[in-house]
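Engineer: Below you will find the structure I want to go over with you.
Protein chains in written order, with the numbering used here: chain U, 20 to 400; chain H, 239 to 782.
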């Protein structure tokens, strides 16, 4: 009896569905903000692991979801480049010299720049710490790209930005078309036996490709026009000016606020409060502007409990690091002089743990649907 | 439903109006077919229905066009989007999104249809046009017929009362065209949608039409019932010409009508010998291909094809869209991908046999000339004369050679005209002349009849036949069964990259349900392919 009620309506199995791309982005930006607050390699690695865990649990088979490995490799490349440059160009400090490279003697005018010379453990570690931070940032943003469907993100733009979204969508489809018509015309040129370069190339390929693109865009414009694109309610000029002012002021506020949040040395007022005020103004502007656009959205992505939770996880991770930076800054920026093992403090670890929770909180992905898309892509390519 | 009252449309800079004093009434629920040669105001007439002409194209409109009571003068195309749905000639160019489902919804989003209604209409339209299994597919991975059906569906979801289509089946293979036409007739019969469509391939459409609108070269328009209009029309599908030739009244418009009428004719012609293909004693093989393979990733486009091409023979390559025809042509030419097998081509005269893919592009085209699907791609200079001069110098022939070939194909093309301003037929002729200039052993054409009107097609068939009698080997990849019947000596049918049939035209097409021309269907099981053959036999019979 007890068992049957448990399996009954109380336990609703979560249906697979894609999470709102905005929620993934908020989560990823929260994680990135958290990561930007530390150079402690242990903390950073734990955060990267949290992000990787979420990606491996909740990524689909769609074409954009296959790039996570690339972001990881890009991160490693960043670390490697930083270390190599640090070894070659000076900026060495510390006493633990590992080896000495042959030094290039430069004229006095370039004082302060040294090429080659002694390479210290402290110098290399500083490069590694910085590099790992940058790499982890990249991984956070890469995770957003991998998890969120870029087209759905464009679709969920507010109505006032809809036309911009359509322009981006069209541009995204035009790029492969240009490549295709370039290939077609290049092949046709081969049929005429021409393998000329220079002027012939411009005349023979570039101009036909551009003509082709122009023809296509005219056809597309006619098609969009006859399908009702650009219908809008009339609005007085005054309202339009107010809309533009609000949106621009808001965006400026968001920029300043973001800078304030990310840079620990700016006054507190320019951080969170500025960001919040900027967002508010921009949202009002977009709402006012959106009223003139008459359109609806097909199968809009819902913003439900799962979206709130995923976004909150990212923000909580960022908050944990903010608190940590005022409680125990020395742990977040481990010292290299004297050399000491970095340690993982409790608060950043909790932050990373919260950041990993979307792996379970986000609804499962529908692999059946996704695999049909990927099959399709494989056939098309 | 659609009313033109005294409409004259003149484009800026044009010497004469594209449409002249058109008065036309198209009632609700009719399937109206617009015919006329290329370059007359067919597209203008279609564009005027939803106001694209003149709102989008420019030009001056005199008179009045009303659709469902709305005047296009005061309603630009986007305001008419809920009333008139327009499907362009090349559906791919008109797609805004990239999956089937989103494309179906796009128009409704613009019209601010509520989300719940949209969802329902998308599902209904998926079923109506049999697209449900494709709903998540990328638009660019679909076949031509599927794309055309998606394009129709994408305007249908807005529940327009009028559907306007420009050449909906001209790029499609026969089976895909049947699918699209079946969908259209279903709309007309079940939903009462008024359909206006322009089409060169009359033989495919005319039996479904309730009304025929003919546009002449002066921009004047005559309208009427198809049966009556066909009596005076200068363009007609083979069944109608057969009916005219043997004096049937009323004229048959479909194969079914003609078959019912044709019992006597079949009995009469049973006594005559069917025309035999001229047997070439020992055909000289100019191209040998063995075990040819072309693949794109996992997809095998050409799967081990053996093919010989003979001098003086017209070989038609048929098969549904995506069956590997184009890949095969490009692989034979040497500039396309080839992943296995061998090709050797005779040289005209001096040099040894060679594999064109091992030659430089300039040498390869002296062996095999290929006119691609869009012949305009071959042309990139500013005038016809420049193109001819370049062709002469590229192929090291005396100046004037290319022009002479062009004049033989279509006389009096203006030498100062820009190649893009030529008519489809003239542009094809120029591209063919350029490719014939180096005297290739084989000349290949990919879908040459697409966009050609009836008279241009007849002229083109004559050109092909003339080249063949001069000993030229010709390969034509095409969907156009009537064209094949009139010109090809031999037909090769491809399916999934393999040759499934290879033989004289009559052997291959007569028994085939998709590739048989109309006359063959009417005369079945006898092996008659064209109206000309039948009329010649009837005349001979009469004399005897």
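The C-beta atom is built at its ideal place from N, Cα and C for all residues, glycine as well.
The model shown is predicted, which means the values in this text are computed figures rather than measured ones.
If you scan the region 372-457 of chain H from start to end, which runs of the alpha helix (DSSP H) of 4 or more residues do you find wholly inside it?
Structural biologist: Correct list: 382-394, 412-424 and 440-443.
Engineer: Below 8 Å between beta carbons: does that hold for residue 569/H and residue 609/H?
Structural biologist: With respect to the 8 Å criterion, residue 569/H and residue 609/H are not classified as neighbours on the basis of their beta carbons.
Engineer: State buried or exposed for residue 422/H, treating a residue as buried only when at least 16 other CB atoms are found within 10 Å of its CB.
Structural biologist: A buried status is given to residue 422/H, since no fewer than 16 other beta-carbon atoms sit within 10 Å of its beta-carbon.
Engineer: With a 10 Å radius around its C-beta and 16 neighbouring C-beta atoms as the bar for buried, classify residue 429/H as buried or exposed.
Structural biologist: Counting Cβ neighbours within 10 Å, residue 429/H comes out exposed, since fewer than 16 surround it.
Engineer: Would you kindly work out how many angstroms separate the C-alpha atoms of residue 506/H and residue 670/H, rounded to a whole number?
Structural biologist: Spanning the alpha carbons of residue 506/H and residue 670/H requires a straight line of approximately 42 Å.
Engineer: Compare the C-beta of residue 600/H with all C-beta atoms of chain U and state if any pair is closer than 8 Å.
Structural biologist: In terms of beta-carbon proximity, residue 600/H lines the interface with chain U, with at least one pair separated by less than 8 Å.
Engineer: Candidates 260/U, 325/U, 284/U and 324/U: which alpha carbon is nearest residue 305/U's?
Structural biologist: 260/U
Engineer: Keeping to the same chain, check which residues put their C-beta closer than 7 Å to that of residue 573/H; ignore five residues upstream and five downstream.
Structural biologist: 599 and 602
Engineer: Mind listing which residues of the region 283-308 of chain H have their C-beta closer than 9 Å to chain U's C-betas, in chain order?
Structural biologist: 285, 288, 289, 290, 293, 294 and 295
Engineer: Check the Cβ of residue 336/H against every Cβ in chain U and list those closer than 7 Å, keeping chain order.
Structural biologist: 192
Engineer: Taking C-beta pairs closer than 7 Å, name the residues in chain U that residue 344/H reaches, listed in chain order.
Structural biologist: 246
Engineer: Enumerated in chain order, which unbroken segments of the alpha helix (DSSP H) with a length of 4 residues or greater are wholly contained in the region 124-174 of chain U?
Structural biologist: Fully enclosed alpha helix (DSSP H) runs of no fewer than 4 residues occupy 140-166 and 169-174 of the region 124-174 of chain U, in order along the chain.
Engineer: If residue 448/H and residue 268/H are in contact, beta carbons under 8 Å, what's the gap, nearest whole angstrom?
Structural biologist: 4 Å
Engineer: Assuming contact is defined by CB atoms lying nearer than 8 Å, are residue 285/H and residue 295/H in contact in what I supplied?
Structural biologist: yes
Engineer: Taking the straight line between their C-alpha atoms, what separation do you get for residue 605/H and residue 687/H?
Structural biologist: For residue 605/H and residue 687/H, the distance between alpha carbons rounds to 24 Å.
Engineer: For the beta strand (DSSP E) containing residue 736/H, name the first residue and the last one.
Structural biologist: 736-742
Engineer: Where does residue 345/H fall in DSSP's three states?
Structural biologist: helix
Engineer: Per the contact definition of three or more C-beta pairs closer than 8 Å, is the region 307-316 of chain H in contact with the region 262-281 of chain H?
Structural biologist: no
Engineer: Which partner residues of residue 302/H appear in the DSSP bridge assignment?
Structural biologist: 243/H
Engineer: In three-state terms, what does DSSP make of residue 783/H?
Structural biologist: Chain H is shown only over 239 to 782; residue 783/H falls outside these bounds and no answer can be derived.
Engineer: Answer with yes or no whether the minimum CB distance from residue 317/H to chain U is below 8 Å.
Structural biologist: yes
Engineer: By the DSSP assignment, the alpha helix (DSSP H) with residue 483/H in it spans what residues?
Structural biologist: 476-484
Engineer: Checking 8 Å against the spacing of the C-beta atoms, do residue 201/U and residue 226/U come in under that value?
Structural biologist: no
Engineer: What does the Cβ neighbour count give for residue 594/H, buried or exposed, with the cut at 16 atoms within 10 Å?
Structural biologist: Answer is buried; the Cβ neighbour count reaches 16.
Engineer: Is it buried or exposed for residue 21/U, if we count other Cβ within 10 angstroms and need 16 for buried?
Structural biologist: Bear in mind that the predicted position of residue 21/U carries a pLDDT of just 42, short of 50, making it too unreliable to give a figure here.
Engineer: Specify whether the region 730-750 of chain H and the region 550-562 of chain H touch according to this definition: at least 3 beta carbon pairs, one from each stretch, less than 8 Å apart.
Structural biologist: yes
Engineer: Kindly say whether residue 627/H, judged by its beta-carbon, lies nearer than 8 Å to any beta-carbon of chain U.
Structural biologist: Residue 627/H does not count as touching chain U.
Engineer: Counting only Cβ pairs nearer than 7 Å, list the residues of chain H close to residue 243/U.
Structural biologist: 334
Engineer: On the CB-based measure, 16 or more other CB atoms within 10 Å of its CB, does residue 692/H come out buried or exposed?
Structural biologist: buried
Engineer: DSSP three-state label for residue 27/U, please.
Structural biologist: Caution is warranted here: a pLDDT of 44 is assigned to residue 27/U, below 50, making its placement in the model unreliable, and no coordinate value can be reported.
Engineer: Give the interface partners of residue 79/U over in chain H, defined as CB-CB distance under 8 Å, in chain order.
Structural biologist: What residue 79/U touches in chain H: nothing, since even the nearest Cβ is about 12 Å away.
Engineer: Beta-carbon of residue 315/U versus every beta-carbon of chain H: anything under 8 Å?
Structural biologist: Closer than 8 Å: yes.
Engineer: Counting C-beta neighbours from all protein chains within 10 Å, is the total for residue 727/H 16 or more, i.e. buried, or is it exposed?
Structural biologist: buried
Engineer: So for residue 555/H, helix, strand or coil by DSSP?
Structural biologist: strand
Engineer: What residues match up with residue 324/H in a beta bridge as DSSP calls it?
Structural biologist: 402/H
Engineer: For chain U, find out if any of its Cβ atoms is closer than 8 Å to the Cβ of residue 404/H; answer yes or no.
Structural biologist: no
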